[in-house]
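>
Numbering (our numbering), first residue to last: -1 to 193.
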């Protein structure tokens, strides 16, 4: 998951940071000055609700990606380790290690979901990525392996392997969605630059 986030989101962050440093948002600065003058003339108006998400604002996307990476990087590392431990327990066919690791993986996924849910995102694009990740986490937590429906002393390790493959397939689908989303964002940004 860490490699996924680094591989998919890090180039996007670098690209958007470069755009911001080059001053490509001059137009937005003029708009913000106009908004500031409107607010100074009419202080009695209500501010826009903060729940509205911006669409296509590179600054918000870069901020959201950085915030998401910063707050979830610990969980990503722990999830990778738990997944490795789970695979080793399956290979060794050790029911006690499998139960312990499944419990740890379940706790890590719940913590990861809570952290993602607590993020205060400003861009629609990153919010949709977060929702996809949360959905994948819920599917993983709903699997019999992680929701406690399996008696680990009577485990059919072949079925567990199939479930692990299903979880990994879901993670790959999620990675593909992230890559497509990053590609679309990059294309949209380059199209905006051309105009």
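Ideal Cβ placement from N, Cα and C applies to all residues, glycine included.
None of the values given here were measured: they were computed from a predicted structure.
#1: Hey, residue 144 and residue 114: beta-carbon distance below 8 Å or not?
#2: Kindly indicate which three-state DSSP category residue 141 falls into: helix, strand or coil?
#3: In chain order, what residues of the same chain lie with their CB nearer than 6 Å to the CB of residue 110, ignoring the 5 residues before and after it?
#4: With three or more beta-carbon pairs closer than 8 Å as the criterion, would you say the segment 55 to 73 touches the segment 120 to 130?
#5: Around the C-beta of residue 100, are 16 or more other C-beta atoms found within 10 angstroms, so that it is buried, or is it exposed?
#6: Cβ of residue 87 less than 8 Å from any chain D Cβ?
#7: Should residue 82 go down as buried or exposed, given a rule of 16 or more other Cβ atoms within 10 Å for buried?
#8: Any chance you could list the alpha helix (DSSP H) runs of at least 4 consecutive residues sitting entirely within the segment 46 to 96, in chain order?
#9: When you compare only the Cα positions, how much space is there between residue 64 and residue 133?
#10: Would you mind working out which of 131, 116 and 69 sits nearest residue 207, comparing C-alpha positions?
#11: Would you kindly work out how many angstroms separate the C-alpha atoms of residue 87 and residue 112, rounded to a whole number?
#12: When the Cα atoms are used, what is the spatial distance from residue 92 to residue 78?
#13: Is residue 80 buried or exposed, if buried means 16 or more other CB atoms sit within 10 Å of its CB?
#14: Say yes only if the C-beta of residue 138 is nearer than 7 Å to one or more non-hydrogen atoms of the ligand ATP, and no if none qualify.
#15: What's the gap between the Cα of residue 165 and the Cα of residue 67?
#16: Our contact map puts residue 128 next to residue 119 with C-beta atoms below 8 Å; I'd like the distance itself, whole angstroms only.
#17: I'd like to know whether the C-beta atoms of residue 105 and residue 138 end up nearer to each other than 8 Å.
#18: For residue 35, which residues of its own chain have a beta-carbon under 8 Å away from its beta-carbon, when the five flanking residues on both sides are left out?
By the coordinates alone:
#1: no
#2: coil
#3: 73
#4: yes
#5: buried
#6: Of the chains in the structure shown, none is chain D; there is only one protein chain.
#7: exposed
#8: 56 to 90
#9: 21 Å
#10: Residue 207 lies beyond the stretch modelled for the chain, which goes from -1 to 193, so this question has no answer here.
#11: 27 Å
#12: 19 Å
#13: buried
#14: Judged by which ligands are present, the structure shown has none, so any question about the ligand ATP falls away.
#15: 22 Å
#16: 6 Å
#17: no
#18: Unreliable positioning characterises residue 35 in this predicted model, as indicated by a pLDDT of 43, which lies under 50. A coordinate reading is not provided.
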